[in-house]
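Sequence lines, in order, name chains G and S.
Residues 0 to 298 in numbering that gives the first Met the number 0 are what the first sequence spells out, letter by letter.
Residues 0 to 298 in numbering that gives the first Met the number 0 are what the second sequence spells out, letter by letter.
Ideal Cβ positions, reconstructed from N, Cα and C, are used throughout, including at glycine.
Just so we're clear, the structure is a prediction, and the values are computed from it rather than from any experiment.
Report on one structure; see the data block that follows.
2 protein chains.
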Amino acid sequence: MSPNDEHAKNLPIGIFDSGVGGLTVYRALHDRLPNERFIYLGDTARVPYGTKSLATVERYAIENSQFLASLGIKLLVVACNTASALALPEIRRSVGLDVVGVIGPGARKAVRLTKDRTDPRIGIIATEATVQSKAYSKAIRAASENAEIIESSCPLFVPLAEENWTSEPETYSIAKKYLSEIVDFNVDSLVLGCTHYPILRNVIQQTVGENVNLIDSGEACAEEVDALLKEKDLENSLPSTRGKRQLCDDLDHFYVTDAADRFARVAERFLGTKPAKLEAVEVFGTDELGISKREKTEK
Amino acid sequence: MSPNDEHAKNLPIGIFDSGVGGLTVYRALHDRLPNERFIYLGDTARVPYGTKSLATVERYAIENSQFLASLGIKLLVVACNTASALALPEIRRSVGLDVVGVIGPGARKAVRLTKDRTDPRIGIIATEATVQSKAYSKAIRAASENAEIIESSCPLFVPLAEENWTSEPETYSIAKKYLSEIVDFNVDSLVLGCTHYPILRNVIQQTVGENVNLIDSGEACAEEVDALLKEKDLENSLPSTRGKRQLCDDLDHFYVTDAADRFARVAERFLGTKPAKLEAVEVFGTDELGISKREKTEK
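As structure tokens, then:
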């Protein structure tokens with residue numbers, strides 16, 4: 000193996016999200032790949048993406064991806080469902096790297112888990128923009144001809160997760176309302192198609208019933224990233240990262256495009272700990288020569 | 000009166016907000032000033048402001064204000080509470096116009112309505128950023144030495160308003176939770192310090208009790224704009240606008256920085272009608288010569 004290959008193996012994995020929600024994907028990657036280092040970018044200056052247009056989401060996604068690529072990463076994870084739904088081909092074109100989104104892995108896992116059924120029924124819950132894009136339905140249809148699919152948006156789930164109302168009666172009541180069609184449809188598997196939803200996993204599981212497989216698209220993404228690193232012989236070989244990693248420790252770097260304080264606060268709610276290394280940056284993508292135009296604005 | 004004065008009188012009033020919430024301020028202005036024309040800018044590409052930093056909110060607010068100023072307006076209303084709280088001095092410096100925010104008017108009206116009490120008690124509900132800025136407390140304190148003040152943030156009220164859940168049991172239950180300290184504090188007046196909250200007015204009124212004065216800061220703002228136009232002799236004198244105005248008719252122009260479809264949909268929920276004239280634009284403020292760099296991206 001050449002020194003170059005060795006260098007590539009030991010680069011961190013880049014993760015970008017529109018804000019804090021992707022931290023659930025970071026956690027899933029961290030749990031699955033304890034020897035890897037991560038660089039996370041949350042585009043908190045421009046969150047949320049779920050209510051923005053295709054052109055705008057594509058532009059932001061490319062700027063974020065180029066920023067992470069400029070830092071030196073071996074693979075890019077697009078943790079944001081909206082960006083995965085709308086901009087994956089553009090992102091792939093703009094960075095010369097393997098790119099893994101969350102929608103394909105979530106859809107494929109749903110199909111895998113229902114493949115023994117004669118009449119597989121799959122539900123998807125996601126933001127308005129992701130549901131409107133039909134990205135999950137298309138990805139499921141590509142992997143299964145006979146699955147029956149139902150998609151619903153749950154706009155209040157994101158603010159409920161950010162409030163950390165994970166067991167309040169209001170959350171149960173709202174979940175019952177949002178998920179009634181899913182329950183009536185009698186799904187076998189339900190894809191949590193928004194990065195915030197795993198925070199409300201218990202409420203959702205109790206609402207749809209214990210017999211329904213809940214699919215965390217971040218976990219499904221981590222499984223595919225794991226397989227890809229093995230296939231391409233890109234697993235980290237540095238001894239320093241082995242066996243002693245904690246979530247948010249100083250081997251992982253977090254960048255936000257605004258309001259680092261709030262990000263740290265919500266990270267603590269979601270992960271139980273604040274990032275050891277967190278920095279606010281401006282992200283302008285790269286110029287024609289591939290040189291990043293980013294500029295650090297605060298620590 | 001010179002032709003120039005006559006021209007200035009008949010210019011529209013500019014309104015900017017971070018998104019759709021400012022439509023409640025537009026409605027209040029429209030109701031109060033039926034002879035005026037309005038130009039509304041919703042910065043939907045960068046909404047929400049309430050979770051962003053001071054520097055970012057200032058930059059966005061100035062770009063939006065300069066965009067509206069470049070179209071020709073006689074007065075600028077900053078409908079966004081966060082921008083009013085954080086950026087009003089910077090906005091005033093950047094445009095050579097009278098600028099009216101929502102916080103000063105809301106605070107002054109609260110003081111006016113409680114001035115006969117020996118022990119006036121005023122509550123404020125707003126976004127996290129507005130509450131943290133203490134802008135309402137400072138404005139109330141400037142107008143009243145003895146008022147007792149309580150401030151609370153109600154993060155779920157914005158998504159509940161956008162879902163149009165104006166009478167759902169979950170909304171009542173959440174309101175009861177958020178407003179319990181306000182109720183215990185026994186306020187005389189309660190300022191609705193976020194543009195979305197008037198949509199939930201009935202729920203809020205029932206939760207705090209019928210004897211509490213609810214102050215819509217958009218209505219308070221419209222009253223001060225009315226007084227200012229009279230004082231400066233800037234009331235519209237065109238016969239064409241008199242007595243036949245409808246909300247969102249074709250004398251008012253609406254601009255958004257992204258996702259015009261979603262804006263129209265929420266406008267219909269909030270106002271019962273869609274804007275006749277709605278355009279998506281990019282807002283880059285003006286260059287050193289005062290020339291707007293805006294660029295139209297879609298119709």
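Check whether the Cβ atoms of G/I121 and G/T113 lie closer than 9 Å to each other.
G/T113 sits close to G/I121, with the two beta carbons spaced by under 9 Å.
CB contact flag (S/A78, S/Y135, <9 Å):
no
Short of 8 Å in beta carbon distance, which residues of its chain neighbour G/N201, apart from the five on each side in sequence? Order them along the chain.
T165, S166, listed in sequence order.
Comparing the CB of G/F156 with every heavy atom of the ligand COA, is any distance shorter than 8 Å?
For the ligand COA, the structure offers nothing, since it holds no ligand at all.
Could you list the residues in the segment 28 to 58 of chain S with a C-beta less than 9 Å from some C-beta on chain G, going in chain order?
Residues T43, A44, R45, V46, P47, T50, K51, S52, A54, T55.
Under a three-way DSSP split, which group does S/H29 fall into?
helix
From what residue to what residue does the alpha helix (DSSP H) around S/V98 run?
Per DSSP, S/V98 belongs to no alpha helix (DSSP H); it is in the beta strand (DSSP E), 97 to 99.
Counting C-beta neighbours from all protein chains within 10 Å, is the total for S/N63 16 or more, i.e. buried, or is it exposed?
buried
Are the C-beta atoms of S/E150 and some chain G residue less than 9 Å apart?
no
What is the DSSP secondary structure of S/N127, counted as helix, strand or coil?
Residue identity check: residue 127 of chain S is Glu in the sequence provided, not Asn. Correct three-state label for S/E127: helix.
Interface residues of chain S facing G/D257 [CB-CB closer than 9 Å]:
T50, K51, S52, A54, T55
Report buried or exposed for G/P238, applying the criterion of at least 16 other Cβ atoms within 10 angstroms of its Cβ.
exposed
For G/E90, which residues of its own chain have a beta-carbon under 7 Å away from its beta-carbon, when the five flanking residues on both sides are left out?
In the sequence under discussion, the amino acid at residue 90 of chain G is Ile, which differs from the Glu named in the question. The residues are A60, I61, S64, V77, V98.
Taking beta-carbon pairs under 9 Å, can you tell me which members of the segment 139 to 165 of chain S lie near chain G?
P154, L155, V157, P158, L159, E161, E162, W164
Touch test, the segment 219 to 237 of chain S against the segment 250 to 269 of chain S, Cβ-Cβ under 8 Å, three pairs minimum:
no
Per DSSP, G/R120 is paired with what?
G/E147
On the CB-based measure, 16 or more other CB atoms within 10 Å of its CB, does G/P321 come out buried or exposed?
A query on residue 321 of chain G cannot be resolved here, the shown segment of chain G reaching from 0 to 298 and no further.
Boundaries (first-last residue) of the beta strand (DSSP E) holding S/S188
188 to 191
For S/V261, return the contacting residues in chain G, with the cut-off set at a CB-CB distance below 7 Å.
The residue you asked about is not Val; residue 261 of chain S is Arg in the sequence shown. Simply T50.
8 Å contact criterion, which G/E147 and G/P119 should meet: CB distance rounded:
7 Å
Between S/R305 and S/V101, what straight-line distance do the alpha-carbon atoms span, to the nearest angstrom?
This structure leaves residue 305 of chain S out entirely; chain S is present only between 0 and 298.
Within chain G, the residues that S/S172 reaches when beta carbons sit closer than 8 Å:
Result: P168, E169, S172.
Measure the CB-CB distance between G/D299 and G/N212 and report whether it falls below 9 Å.
Outside the displayed span of chain G (0 to 298) sits residue 299 of chain G, for which this structure offers no information.
Which residue wins for smallest C-alpha separation from G/V46, given the options G/Q205, G/P158, G/D30?
Of G/Q205, G/P158, G/D30, the residue nearest in Cα terms is G/P158.
What number of angstroms, rounded off, separates the C-alpha of S/E162 from the C-alpha of G/N34?
43 Å
May I ask you to report which of helix, strand or coil DSSP gives G/Y39?
strand
Quick one: give me the first and last residue of the beta strand (DSSP E) that S/N212 is part of.
Segment 212 to 215, the beta strand (DSSP E) holding S/N212.
Do we get a CB-CB distance below 9 Å when we pair G/A279 with the residues of chain S?
Between G/A279 and chain S, the shortest Cβ-Cβ separation is below 9 Å.
Is the Cβ-Cβ distance between G/A68 and G/V94 less than 9 Å?
yes
Would you give the residue range spanned by the alpha helix (DSSP H) that S/G103 belongs to?
102 to 113
S/D232 in three-state terms, based on DSSP:
coil
Ignore the nearest five residues each way along the sequence and tell me which others in S/I72's own chain have a CB closer than 8 Å to its CB.
L10, P11, I12, G13, I38, L96
Measuring alpha carbon to alpha carbon, tell me which residue in G/A128, G/T206, G/G105 is nearest G/L191.
G/G105
Near G/L155, what residues of its chain come up, given a Cβ to Cβ distance below 7 Å and the 5 sequence neighbours on each side ignored?
I173
Run through DSSP, which three-state label would S/L227 get?
helix
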